[in-house]
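Down below is the structure, laid out as structure tokens.
In UniProt numbering, the protein residues as written are 1 to 135.
The following block contains the structure:
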């Protein structure tokens, strides 16, 4: 694997994909909305999506469930990595949006923020939406 990495300080593959998320420039949107299970089905409906957007979730199954709200054309880009990250990028009502499953814990959030930021130009906004349950 080390012969496929171009920079040990910020690992990228030979085709310029970041190491953990497996994405490269042009495969993610700029605005991020982080949501939990209860809020996820309302996330795309309640956002005023005038710019590129992202939704992050924990479970890959939630990313797939939310991606059903994306426009069918153009066909959404999908990528699953061996590190457990899932990225789906498409359009919602014509607006570019990415849904990314990042798993759990602060290390994965750190990988997510650093690696997505490396693949973007322009502003990146992170918004967290969640539901608190007594159970």
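In this text, a Cβ means the ideal position worked out from N, Cα and C, and glycines have one as well.
Computed from a predicted structure; not experimentally measured.
(message) Taking contact to mean 3 or more Cβ pairs, one atom from each stretch, closer than 8 Å, check whether the stretch 89-101 and the stretch 67-78 are in contact.
(response) yes
(request) Could you spell out where the beta strand (DSSP E) holding residue 78 opens and where it closes? (result) Taking the chain shown and counting its residues from 1, one reaches residue 78 at position 78. Where residue 78 is concerned, the enclosing beta strand (DSSP E) stretches over 77-80.
(request) Quick one: using the 10 Å Cβ neighbour count with 16 as the cut-off for buried, is residue 106 buried or exposed? (result) Locating residue 106 in the chain shown gives position 106, counting from the first residue. Exposed, by the Cβ-count rule.
(message) Tell me the rounded alpha-carbon separation between residue 83 and residue 120.
(response) Along the chain shown, read from residue 1 onward, the residue named residue 83 stands at position 83. Along the chain shown, read from residue 1 onward, the residue named residue 120 stands at position 120. Distance between the alpha carbons of residue 83 and residue 120: 21 Å.
(request) Put residue 157 into one of helix, strand or coil per three-state DSSP. (result) In this structure the chain extends from 1 to 135, so residue 157 is not present and cannot be described.
(message) Cutting at 6 Å between CB atoms, please list the residues of its own chain near residue 19, excluding the five before and the five after it.
(response) Translated into positions along the chain shown, residue 19 becomes position 19. Excluding sequence neighbours, residue 19 sits near 11.
(message) Beta-carbon within less than 8 Å of residue 115's beta-carbon, same chain only, minus the 5 sequence neighbours each way: which residues are those?
(response) Looking up residue 115 in the chain shown gives position 115. Result list for residue 115: 18, 19, 20, 21, 23, in chain order.
(request) Can you grab the Cα-Cα spacing for the pair residue 99 / residue 112, in whole Å? (result) Here residue 99 corresponds to residue number 99 of the chain shown, with the count starting at 1. Here residue 112 corresponds to residue number 112 of the chain shown, with the count starting at 1. Distance between the alpha carbons of residue 99 and residue 112 is about 12 Å.
(message) I need the straight-line Cα distance from residue 85 to residue 65, nearest angstrom please.
(response) Within the chain shown, the letter at position 85 stands for residue 85. Within the chain shown, the letter at position 65 stands for residue 65. Spanning the two alpha carbons is a distance of roughly 15 Å.
(request) Buried or exposed for residue 9, please, with buried defined as at least 16 other CB atoms from any protein chain shown within 10 angstroms of its CB. (result) Indexing the chain shown from 1 puts residue 9 at position 9. That one is exposed.
(message) Quick check on this structure: which residue in 101, 95, 117, 81 has the alpha carbon closest to the alpha carbon of residue 58?
(response) Residue 58 sits at position 58 when you count from the first residue of the chain shown. The shortest Cα separation from residue 58 among 101, 95, 117, 81 belongs to 101.
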